[in-house]
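This report concerns only the one structure given below.
2 protein chains.
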Amino acid sequence: MTHSTEKLINMIENKISSLPLNQEPQTLFEPIQYILSLGGKRIRPLLTLMASNLFSDDTEAALNAAIAIEVFHNFTLLHDDLMDKSDMRRGKQTVHKKWNPNTAILSGDAMLIEAYKYIAKVPVDVLPEALNLFTQTSMEVCQGQQYDMDFEERDDVSVEEYIAMIRLKTAVLVGCSLKMGALAANSSKQDADYLYDFGINIGLAFQLKDDLLDVYGETAKFGKKLGGDILNNKKTFLLIKALELSNKDQNEELNKWISLEKFDNDEKINAVKNIYNELNLKSIAESLMKKYYLAALNSLSAVSVADNKKTELTNLAESLMYREL
Amino acid sequence: MTHSTEKLINMIENKISSLPLNQEPQTLFEPIQYILSLGGKRIRPLLTLMASNLFSDDTEAALNAAIAIEVFHNFTLLHDDLMDKSDMRRGKQTVHKKWNPNTAILSGDAMLIEAYKYIAKVPVDVLPEALNLFTQTSMEVCQGQQYDMDFEERDDVSVEEYIAMIRLKTAVLVGCSLKMGALAANSSKQDADYLYDFGINIGLAFQLKDDLLDVYGETAKFGKKLGGDILNNKKTFLLIKALELSNKDQNEELNKWISLEKFDNDEKINAVKNIYNELNLKSIAESLMKKYYLAALNSLSAVSVADNKKTELTNLAESLMYREL
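If you're matching them up, the sequences are chains A and B in order. With the numbering used here applied, the first sequence corresponds to residues 52 to 376, in that order. With the numbering used here applied, the second sequence corresponds to residues 52 to 376, in that order.
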C-alpha cells in the first residue's frame, strides 16, 4: 500500500517533535530543538520514506534513517550559517545569532552525533551498508561545502567544477536519502542504486532551480528578497556561465559590478540580470535542469516496482522542479 | 603474547601516518593531517590496543577502533581550541590560528565523520555495540564540554558538579577506549565493563593530576608555564575546593584576584597558590586522585585474565598518575 505524502510527513513531524532532546545541559540541547522546530519542507526524510514505501508497506524501519538524515541536514545548516555569517534562516534568527558562535559549534557537533544515533537504529542486517553510505555521504557534503567556500575566493571556477561542487554539497544527500529508504526496506542492490541516481539528478536539478529562483522567482511567492546571490557575488550557475559566455563588454560590466564595494542594490541586480538576459541564461539553465530531471525520471522508471507505486515520488520530483519558492 | 607498549605505539603511529588523507580539497584535509601529526602521547588508542591484547594476540582488529578514538579525540581538541580561543597546542599553532575559524569548524566536522569511518570497520559481530558505545561517549564528551563552558559563567559550581563534568569531558572517552579494545577482542561483557570502570577512574585521576600539575608541577619538566589555570580563573578542582573551604578572609582574597582585570602574573599565581597551601589543597587533591587510582586498580584486578597480562596496563596507569608533565 502506498502511503500518502501527507501521512508520511505526519510521521516525520511526530517523530521529530518527540525526539528526546529535553536533556541536560539545556545550553547544548535547546539550540538543537530550536533548529529542528523551524520546519522546512522535510524533503529528504520524505524521500527516504517514499523510497522505502516502494518496497514495503512498513515504513517504520526507514523512519530512524529518515530522522538521521533530517538531523544531519539541519546540522549542516547550523554550521554553514555560522561559516557564512547568515543571521536568518526560515524567517528566524540562526543559532549563532540567537545564542553565540560557540553554541553553534558544539550543538552542531552534538547533532552530527545524534544523527549517527538514529543510523545505528536501522535493522542490523543492513547496518554496515547504511553506516558506510551515511559516512561517505556526510564526508562528501563537507567536501562540497569546502569547495563552495574555496570557489568564493577564486575567479576562474568552471561550470564543470560548479556542477561537481553542487553534486557533493546538495545532490549526494538527496541520493543517500532515497538509497537509505531502499536499504531499510531490503530492496535489491540494483534498485537502491537506481534510486540513488534518481536522487543525484533530482538534487542537481533542484540546485539549478534554486539558482534560477534567486533571479527569476516571483517575489511574492519566493518569500525572500530576490537577487541576494547577485548582491553577494555568489558563484551560482548563472554567474559562472555568464562569465564564460560573455563578450568583452559584458565581461567588463560584470566584473565592474562584482568588484564595486558600494552600489544601489536594485541597480546592481538589474544590470547583472540584463546581462543574464542578453546571454539567454534562463533558458540555458532551464535546459540543463530539464536534462537532469529527465535523467532522474529515467532512473526512477528503471526501479523494478509497478509504475503506480511511483506516483508520490514522481509528483514530489515534479513539484520540486516547478516550485516557485 | 603481550605486546610491548613500544610495539603498540608504533602500530598506532604507522597507521596514523598512513591514513588516506591526501585528498581533495586540500583545504579540508590538510588541517586534519596537521593536527594528527602534532603527536601527543596517544594514550587513548594505546589503551584500546592494550585492552584488546588482554584477550587476544591479534591487535589488528582493535586498531581501527583505536584510530577512531584518536581521530575523535583530536577533533575535540580542534573544536575546543577554537571555542576556548587557544592559539597554541603542543608547541604549534592551533588550526583556527594557522588557517581560520571556518577551516577549524569544517575540518573538525570532517574528523568526526572520519572517526565514524573507522568505527564502521570493527568486526561486524560487535559493530552495533561498538557503534552505540562510541555514539554515547561522543555525546557525553560534548555534554562535558558544554558544562565546562557553562561553569566558567557561574560562581557556585560544587565539587560534585566538577567531578560530574570531568567524568563526561575526560573520563568517559578513556573508559570507551578500553571497552572498545575489549569488544574488538570479543571479551565477556563483564570484563568489558570492568575495563570501562578502570578507564573512568583512571580518567578522573588523570584530570585531577592535570589540575595539580598546573600549580605544583616542575616548570622545567612540565614544559609550559605553570599557573595558567590560575591566571585564567579556570574552575579546576583546586579553585572550586578552595572557594568551598576558605574562611572569610581567604574567600575575599580569592575573589579579589578572580575579579581583578589587571595584575602581575607572578603575584596572582603566588597569592592564589598561598591560599591553596593554607587550605592543604595539594594533599586533598592527591588523596582524591589516589582514591580514584585505587578504584581503577580494583576494577582492573577483577578482569578475568592472568595478572601478568595486565602489567603493561598497570604500568601505563601508574605512569599517568606519577607523571610530571
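Cβ atoms here follow ideal geometry from the backbone N, Cα and C, with glycine treated the same way.
The CB of A/Asn283 never comes closer than 7 Å to any CB in chain B; the least such distance is about 16 Å. Inter-segment contact for the region 127-135 of chain A and the region 126-145 of chain B is absent: fewer than three beta-carbon pairs are separated by less than 8 Å. Of the residues A/Glu57, A/Leu79, A/Ser69 and A/Asn73, the one whose Cα lies closest to the Cα of A/Met101 is A/Glu57.
Residues of chain A whose Cβ lies closer than 7 Å to the Cβ of B/Thr78 are, in chain order, Gln197 and Asp201.
In this chain, the alpha helix (DSSP H) harbouring A/Asp199 covers Leu178 to Glu203.
Per the DSSP secondary-structure output, B/Gln144 pairs in a beta bridge with B/Met139. In the DSSP annotation of this structure, the continuous segment of the alpha helix (DSSP H) that includes A/Trp308 starts and ends at Lys299 to Ser310.
Taking a Cβ-Cβ threshold of 7 Å, none of the residues of chain B is close to A/Leu367; the smallest such distance is about 28 Å. Look at the beta carbons and you see the region 341-348 of chain A not touching the region 309-324 of chain A: under three pairs across the two are nearer than 8 Å. Taking C-beta atoms as the reference points, A/Ala235 and A/Val177 count as a pair closer than 8 Å. Your pair B/Val192 and B/Leu219 checks out as a contact, with CB atoms roughly 7 Å apart and the cut at 8 Å.
When rounded, the separation of the alpha-carbon atoms in B/Ile251 and A/Tyr198 is 41 Å.
B/Gly90 is classed as exposed because its beta carbon has fewer than 16 other beta carbons within 10 Å across all chains shown.
Contact note: A/Gln194 reaches chain B through Pro76 and Leu79, using a C-beta cutoff of 7 Å and chain order. The alpha-carbon separation between A/Lys172 and A/Phe288 amounts to approximately 39 Å. Taking each of B/Ser334, B/Ile164 and B/Gly279 in turn and checking the Cα distance to B/Asn316, the smallest one comes out for B/Gly279.
Distance from the Cα of B/Pro76 is smallest, within the candidate group A/Ile63, A/Leu294 and A/Met190, for A/Met190. Cβ proximity to chain A below 9 Å picks out Leu163, Ile164, Glu165, Tyr167, Lys168, Ile170, Ala171, Val175, Leu178, Pro179, Leu182, Asn183, Phe185, Thr186, Gln187 and Ser189 from the region 163-189 of chain B.
Between the region 150-163 of chain B and the region 103-110 of chain B, the count of C-beta pairs closer than 8 Å stays below three; the two stretches do not touch.
Secondary structure of B/Arg374 (DSSP, three-state): coil. For B/Gln77, the three-state secondary structure derived from DSSP is helix.
Residue-level contact check: B/His130 touches chain A, since one or more beta carbons of chain A fall below 8 Å from its beta carbon. Between A/Leu163 and B/Asp160, the gap from beta carbon to beta carbon is short of 8 Å. Straight across, the Cα-Cα distance linking A/Asp358 with A/Phe249 is about 15 Å. Sorting A/Met372, A/Leu79, A/Leu330 and A/Leu305 by C-alpha distance to the C-alpha of B/Asp201 places A/Leu79 at the top.
Near chain B, meaning a CB-to-CB distance below 8 Å, no residue of the region 217-237 of chain A qualifies. When DSSP states are grouped into helix, strand and coil, A/Glu165 belongs to the helix group. Under the DSSP assignment, B/Phe288 falls in the alpha helix (DSSP H) whose first and last residues are Phe288 to Leu296. It is roughly 54 Å from the alpha-carbon of A/Lys307 to the alpha-carbon of A/Ser239. The beta-carbon of B/Leu157 is placed less than 8 Å from the nearest beta-carbon of chain A. Chain order gives the chain B residues near A/Met134 as Pro152, Asn153, Ile156 and Leu157, where near means a beta carbon separation below 9 Å.
Of B/Ser355, B/Asp300, B/Val354 and B/Lys319, the smallest CA-CA separation from B/Leu330 is found for B/Asp300. Neighbours of A/Asp160 in chain B, taken as residues whose beta carbon is under 7 Å from its own, are His130, Leu163 and Cys193 in chain order.
By the CB criterion at 8 Å, A/Val354 and A/Leu255 fall outside the cutoff.
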